[in-house]
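One structure is given below, encoded as structure tokens.
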Amino acid sequence: MSKKANKKPRIGTEKMTFLDYIIFAILLVLALMILIPFWNVIMISFATQKEYAENRFLMFPKEFTLDSYRALFADGSIISGYKNTLILLVIGLPLSLFLTTSMAYGLSRNKFPFKKFLFFLVLFTMIFNGGIVPLYLIMKSLHLTGTLWSVILAGSFSAFNMILMMNYFYTLPESLMESARLDGAGEWRILFSVVLPLATPIIATITLFYGVAYWNSWYDAMIFLRKADQLPLQNVLRTIIVTSQTNASNASSVDATQVSNFSMGMKMAAVFVTMVPIMCFFPMLQKHFAKGVLTGAIKT
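Here you go:
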């Protein structure tokens, strides 16, 4: 057989078929269906009240303004919200990763005692939930209500994330762990020195899941927190928007339209402010995301 026959074609040199063009066109339409509303949200947040009243669909505002963002950041509460959300991430994310990783590693080992019973208990919580009242009573008995620790601990563990990580650990060769044990390594040393360096895709995936959950956390904060300076970002944004809508409903008939439009600009600004940090965070983990989900979702 000649070398020419064995030579693989370079990526990008193959000719596109008619079906490839159809798939490309469909994907392009789907991408535009996602990007155009997102772009419209950003443009509304930079538009004036008058321009938004005249045209609800804006691709490029004629009068560029930062009034919605000035109103959003006016009282300083949103800065406090960012601070509290960052505290949730800095403390809660490492704690969630530690709890999930350590339990997933233990349940993925064949010789772990009471493995099936413990896994059943974890799986049971995915089907049946005790509800918010028992959780609130537990936090109250621990004297954690009114503190950020209640929000952190309430969302510190996810059975779904643990099962994904456990299934990924199943794919790692057992011979690696046995070799480490023969060299005198304990289970914690094996986990941190052998298993975790090989589990970058699933760690990145679980980090993204927990990071988004903490960033979007609002329900637990609404239940457990009372002081305004303790509220995370999502709750602060909700308060600002509800207040602006209330002002719109209490305004006079002439001013109501202006205030309502201004309220819409604040809504769009709040959406943009909320999305930007996650949009910056996601690309750093994107290359590991698909591999981590696919491998963790299938037990081999």
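In numbering that gives the first Met the number 0, the protein residues as written are 0 to 299. No residue lacks a Cβ here, since even glycine has one placed at the ideal position from N, Cα and C.
Item	Value
Where does F72 fall in DSSP's three states?	coil
So, at 8 angstroms on beta carbons, what are the nonlocal neighbours of N277 in its own chain, with the 5 sequence-adjacent residues on each side left out?	It should be pointed out that residue 277 corresponds to Ile in this sequence rather than to Asn. Cβ within range, chain order: G210, V211 and W214.
What residue does the alpha helix (DSSP H) around P133 start on, and which one ends it?	I131 to S140
Here's the rule I'm using: 16 or more other beta-carbon atoms within 10 Å means buried, otherwise exposed. How should Y20 be labelled?	exposed
Excluding the 5 residues flanking K61 on each side, which residues of the same chain have their C-beta closer than 8 angstroms to its C-beta?	E50
Give the secondary structure of L18 by DSSP, where H, G and I count as helix, E and B as strand, and everything else as coil.	helix
Of the choices L224, I162, K266 and A70, whose alpha-carbon is the least far from that of L96?	I162
At a cut of 8 angstroms, does the stretch 73-83 reach the stretch 221-238 through at least three beta carbon pairs?	yes
May I ask you to verify whether the stretch 185-205 touches the stretch 100-115, counting CB pairs closer than 8 angstroms and requiring at least 3?	yes
Thinking C-alpha only, which one of N128, F159, W38 and I22 is nearest M267?	W38
Roughly how many angstroms lie between the CA atoms of S174 and I201, to the nearest whole one?	20 angstroms
Could you say which of L190, S44 and V28 lies nearest to L171 if we only look at CA atoms?	L190
Is the beta carbon of G91 sitting closer than 8 angstroms to the one on S155?	yes
Using only CA atoms, which one of S157, L18, F113 and I25 lies nearest to F208?	S157
If contacts are defined as beta-carbon pairs under 8 angstroms, then V132 and D219 qualify, I think. What distance do you get, rounded to the angstrom?	Not confirmed; about 14 angstroms, so no contact.
Comparing C-alpha positions only, which one of L26, P93 and F280 sits nearest to L152?	P93
Is DSSP giving S101 helix, strand or coil here?	helix
Leaving out the 5 sequence neighbours to the left and right, which residues in its chain are closer than 6 angstroms to N160 when beta-carbon positions are compared?	T99, I205 and F208
State the DSSP-derived secondary structure class of V253, mapped to helix, strand or coil.	Any reading at V253 is ruled out, since the residue's pLDDT is 45, under 50, leaving its predicted position unreliable.
If we require 4 or more residues per run, which alpha helix (DSSP H) segments fall completely within the stretch 150-180?	158-169
With a 10 Å radius around its C-beta and 16 neighbouring C-beta atoms as the bar for buried, classify P231 as buried or exposed.	buried
Sorted by chain position, which residues of the same chain lie with C-beta nearer than 6 angstroms to V121's C-beta, five sequence neighbours on each side aside?	A158
Could you give the DSSP three-state label for D228: helix, strand or coil?	helix
Please go through the stretch 189-219 and give each complete alpha helix (DSSP H) segment of 4 or more residues, from N-terminal end onward.	199-214
Does the distance from the CB of Y300 to the CB of S107 come in under 8 angstroms?	The structure shown does not extend to residue 300, since the chain spans only 0 to 299, so no value can be given for it.
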